[in-house]
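Novice: Just so you know, the numbering used here puts 24 at position 34 of the sequence shown, and the rest follows in order with no gaps. This structure is in structure tokens; I'll ask about it shortly.
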Amino acid sequence: MSDHRTTPGTDQAPDLSAVENTVAPSSDTVRVERAASESAGTSRVAGLMGGAFGRNIGLVLALLVICVVGVATAGDRFASVDNMVTILRLASIFGVVSIGMTFVIIGGGIDLSVGAIVALSSVWATTFATQTMAEDTHWIVMVFVALAVGGACGLVNGVLIAYGNVVPFIMTLAMLASARGLAEIISERRTQIVRVEGFKDFWSADVVGVPLLVVIFALVALGGWVLLNRTTFGRRTLAVGGSPEAARLAGINVKRHTALLYVLVGLCCGLAALMFLARTSTGSSTHGSLLELDAIAAVVIGGTLLTGGRGTIAGTVIGVLVFSTLSNVFVLNNQDSSTQAVAKGLIIVVAVLFQQRLARRSTST
-9 MSDHRTTPGT DQAPDLSAVE NTVAPSSDTV RVERAASESA GTSRVAGLMG GAFGRNIGLV
51 LALLVICVVG VATAGDRFAS VDNMVTILRL ASIFGVVSIG MTFVIIGGGI DLSVGAIVAL
111 SSVWATTFAT QTMAEDTHWI VMVFVALAVG GACGLVNGVL IAYGNVVPFI MTLAMLASAR
171 GLAEIISERR TQIVRVEGFK DFWSADVVGV PLLVVIFALV ALGGWVLLNR TTFGRRTLAV
231 GGSPEAARLA GINVKRHTAL LYVLVGLCCG LAALMFLART STGSSTHGSL LELDAIAAVV
291 IGGTLLTGGR GTIAGTVIGV LVFSTLSNVF VLNNQDSSTQ AVAKGLIIVV AVLFQQRLAR
351 RSTST
């Protein structure tokens, strides 16, 4: 097969002198092309930043609307300082899980077992402290137990999903049932009271007037932002979620990275279990009920694609605040949990439809 190109409508070969003149462009041409390339790259980055900024502004406006509704329907009960602290404490617990969930979803996965893992971690830590070692246990042991249980559950999920090729939805659904059932067996369906000296005092303390739970959430969110945007781990997460095959060809160990993502969200669940223990002073198999719904909802409305490959920690944080404030407004207006669940489900559907519309618009342009 001939390698040269012919002029349309003729069989003549192209002018070789013209080809030679185009092979070695002048230095001015190189500078112009480089400037154009940099300008195009800057425009693409600005476009992506503008899109993310626009989504976050929309979420902030939604949060303000919810606050206005709260003031209009509940008055000072909503606008009080104590209620604002309550909202932030609620946001901090499921917000920590939502940060971990953000990484899993960006990486192309999903985890339906986070609530059950929180319950199992809280029950195991409390039972270990109050029954196995009784009053001789230092509260730091509870921290290690909760994190170890959460991390182990995440490791099981990750290994079977990545190396066993089990569908994430099925695997985490099985973990949800298993972890919740194991929590009921360990606790014998009874509430475990935290009696370890110093635990409640430490985890319920304030830092410069801010509850420690809120400070922990802020630190986890900051750490998540740095991990996603400033490290190789974050870049690999985006690559794996965007195209696993392309990531593999680029030299990324996709299976190992996928497993690590589930370990990460498992550790977040262990930390959230400790925060539950600090807030309620009890370990219970009912802790974290429907937590997976809250976390997924916050992540999705924060702009993270359910198909993976794109998402922001800032969007998730705002999404967490939106849902915490919305739940608080429902409670102040005496709406039961069923109504809240319906509202959250509808919000998820609307967010997914909005994502699909944006995806179609971006592909068409």
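Glycine included, C-beta positions come from ideal geometry on N, C-alpha and C.
As a quick exercise: from Thr162, Gly97, Val86 and Ile83, pick the residue whose alpha carbon is nearest that of Leu228.
Specialist: If you number the sequence shown from 1, residue 228 lands on position 238. Here the closest residue by C-alpha is Gly97.
Novice: Please state whether DSSP places Thr272 in a helix, a strand or coil.
Specialist: As a working note, residue 272 is residue 282 in the sequence shown. DSSP places Thr272 in strand when its eight states are reduced to three.
Novice: Tell me, which residues are paired with Asp196 by DSSP?
Specialist: Numbered from its first residue, the sequence shown carries residue 196 at position 206. Looking at the DSSP assignment, Asp196 forms a beta bridge with Pro201.
Novice: Alpha carbon to alpha carbon, how far is Phe320 from Arg226?
Specialist: Working through the sequence shown from its first residue, we reach residue 320 at position 330. Working through the sequence shown from its first residue, we reach residue 226 at position 236. Roughly 39 Å between the two C-alpha positions.
Novice: Using the three-state DSSP reduction, which class does Ile183 fall into: helix, strand or coil?
Specialist: Counted from its first residue, the sequence shown places residue 183 at position 193. Reduced to three states, the DSSP call for Ile183 is strand.
Novice: Taking Cβ positions, are Gly60 and Leu311 nearer each other than 8 Å?
Specialist: Taking the first residue of the sequence shown as position 1, residue 60 is located at position 70. Taking the first residue of the sequence shown as position 1, residue 311 is located at position 321. Cβ atoms of Gly60 and Leu311: not closer than 8 Å.
Novice: With distances taken from CA atoms, which of Tyr252, Val332, His277 and Val198 is nearest Leu264?
Specialist: Stepping through the sequence shown from its first residue, residue 264 is reached at position 274. Closest by alpha carbon: His277.
Novice: Can you name, in chain order, every residue of its own chain whose Cβ lies under 8 Å from the Cβ of Leu163, other than the five neighbours on each side?
Specialist: Within the sequence shown, the letter at position 173 stands for residue 163. Excluding positions up to five away in sequence, the list reads Leu102 and Ser103.
Novice: In the DSSP assignment, find the alpha helix (DSSP H) that holds Ile100 and state where it starts and stops.
Specialist: Here residue 100 refers to the residue found at position 110 when the sequence shown is read from its first residue. Careful: Ile100 lies outside any alpha helix (DSSP H) and carries neither H nor E.
Novice: Which of helix, strand or coil does DSSP assign to His247?
Specialist: Taking the sequence shown and counting its residues from 1, one reaches residue 247 at position 257. Reduced to three states, the DSSP call for His247 is helix.
Novice: Which term fits Ala25, buried or exposed, when burial requires 16 or more other beta carbons within 10 angstroms of its beta carbon?
Specialist: Residue numbering aside, residue 25 sits at position 35 when the sequence shown is read from its first letter. Residue placement at Ala25 is flagged as unreliable, the pLDDT there being 43, under the threshold of 50; a coordinate-derived value is accordingly withheld.
Novice: Assess, as a yes-or-no matter, whether the segment 107 to 117 is touched by the segment 257 to 274 under the definition of 3 or more beta carbon pairs within less than 8 Å.
Specialist: Enough Cβ pairs lie closer than 8 Å, so yes.
Novice: Given Met161, which residues of its chain have a CB within under 7 Å of its CB, disregarding the five upstream and five downstream residues?
Specialist: Along the sequence shown, read from residue 1 onward, the residue named residue 161 stands at position 171. Result list for Met161: Asn147, Leu150 and Ile151, in chain order.
Novice: CA-CA distance, Ala208 and Ser82?
Specialist: Counting from one through the sequence shown, the residue named residue 208 turns up at place 218. Counting from one through the sequence shown, the residue named residue 82 turns up at place 92. Cα to Cα, Ala208 sits roughly 8 Å from Ser82.
Novice: Quick one, which of Asn219, Val244, Val133 and Asn73 has its alpha-carbon nearest Leu261's?
Specialist: The count along the sequence shown starts at 1 and reaches residue 261 at position 271. Nearest of Asn219, Val244, Val133 and Asn73 to Leu261, Cα basis: Val133.
Novice: Just reading off the alpha helix (DSSP H) that Ser177 is part of, what are its end residues?
Specialist: As a position in the sequence shown, residue 177 is number 187, starting the count at 1. That run of the alpha helix (DSSP H) goes Pro158 to Ser177.
Novice: What residue range does the alpha helix (DSSP H) around Ile151 cover?
Specialist: Working through the sequence shown from its first residue, we reach residue 151 at position 161. From DSSP, the alpha helix (DSSP H) with Ile151 extends over Trp129 to Ala152.
Novice: Drop a sphere of 10 angstroms on the beta-carbon of Ser314, count the other beta-carbons inside from all chains shown, and report buried for 16 or more, exposed for fewer.
Specialist: Here residue 314 is taken as the residue at index 324 of the sequence shown, counted from 1. Ser314 should be labelled buried.
Novice: Can you name, in chain order, every residue of its own chain whose Cβ lies under 7 Å from the Cβ of Val230, other than the five neighbours on each side?
Specialist: Here residue 230 corresponds to residue number 240 of the sequence shown, with the count starting at 1. Here the set comprises Gly97, Gly98, Ala237, Ile242, Val244, His247 and Thr248.
Novice: Using the beta-carbon count (16 or more within 10 Å), is Gly293 buried or exposed?
Specialist: The residue given as residue 293 occupies position 303 in the sequence shown. By the neighbour-count rule (16 or more Cβ atoms within 10 Å), Gly293 is buried.
Novice: Let me confirm a value: Thr302 is counted as buried when at least 16 other C-beta atoms fall within 10 Å, else exposed. Which label applies?
Specialist: Translated into the one-based positions of the sequence shown, residue 302 becomes position 312. Answer is buried; the Cβ neighbour count reaches 16.
Novice: Using alpha carbons as the reference points, say which of Ile130, Lys190, Gln345 and Asp326 lies closest to Leu296.
Specialist: Your numbering for residue 296 matches position 306 in the sequence shown. Considering only alpha carbons, the answer is Gln345.
Novice: Is it the case that the Cβ atoms of Val75 and Ile308 are separated by a distance below 8 Å?
Specialist: Against the sequence shown, residue 75 aligns to sequence position 85. Against the sequence shown, residue 308 aligns to sequence position 318. In this structure, Ile308 does not lie closer than 8 Å to Val75 by Cβ.
Novice: Along the chain, where does the alpha helix (DSSP H) containing Leu316 start, and where does it finish?
Specialist: Sequence index remark: in the sequence shown, residue 316 carries index 326 (1-based). It spans Ile303 to Leu322 - the alpha helix (DSSP H) in which Leu316 sits, taken as one unbroken run.
Novice: From which residue to which residue does the alpha helix (DSSP H) around Arg419 run?
Specialist: Summary: the structure shown does not reach residue 419, with the chain confined to residues -9 through 355, and so no result is reported for it.
Novice: Could you check where the alpha helix (DSSP H) with Ala288 kicks off and where it finishes?
Specialist: Position 298 of the sequence shown, counted from the start, is the residue given in the question as residue 288. Counting along the chain, the alpha helix (DSSP H) containing Ala288 begins and ends at Leu281 to Ile291.
Novice: With a CB to CB cut of under 6 Å and the five nearest residues on each side skipped, what residues in its chain are close to Ala14?
Specialist: Locating residue 14 in the sequence shown gives position 24, counting from the first residue. Residue placement at Ala14 cannot be trusted, given a pLDDT of 43 that sits under 50; what the coordinates show is reported in the next sentence. If we look at Ala14 and ignore the five residues flanking it on each side, it has no Cβ neighbours.
Novice: Check whether the Cβ of Leu239 sits closer than 7 Å to any heavy atom of the ligand FAD, and report yes or no.
Specialist: Among the components of this structure there are no ligands whatsoever, and the ligand FAD is therefore not found.
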